[in-house]
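Here the structure is laid out as structure tokens; the discussion comes afterwards.
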Amino acid sequence: MNLPLVIGALIVSLLLLWWLLSVIKASFKTAFLVVAVIFTIQVLTGVGPQQIFAQVGQWLGDSMGGLGKWLQNWGGKSKEPDVKKEAAIWMFHIATELLSNI
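So the number in the working numbering is just where the residue sits in the sequence shown, counting from 1, plus 1.
Structure below.
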């Protein structure tokens, strides 16, 4: 085996792994910060996440168009319920109830 090639590949792999872990860590920090802010606002004022995202969507709707509309409809408020998914959830619930009674 070519030793310099293996060492180079190992170094590149470790650098990519370090970069990936730092990106994941930053993403989790941001997500937890957003959750903490929304939870704090909800506890202190009673405003829910849907209302917060609707307001952010209105602010972004003027400047970014489609992103604001997407944020306003976040959570599927305007969507019809998916019958197949609901049926699968009910079947799973019934199966777990039957298995727990055995």
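Cβ atoms here follow ideal geometry from the backbone N, Cα and C, with glycine treated the same way. Source: prediction; values computed, not measured.
Chain C within 8 Å of residue i, Cβ atoms only
i, result
"leucine 99", "Absent from the structure is chain C; it holds one protein chain and no more."
Neighbourhood of residue i by C-beta distance below 7 Å, restricted to the same chain and skipping five residues each side
i, result
"isoleucine 53", "Ile39, Ile42"
"glycine 49", "Gln43"
Beta-carbon proximity list for residue i, same chain, < 6 Å, skipping 5 on both sides
i, result
"serine 14", "none"
* To do: Return the chain-ordered ranges of every alpha helix (DSSP H) run that is complete within the region 4-46 and spans a minimum of 4 residues.
  => 4-46
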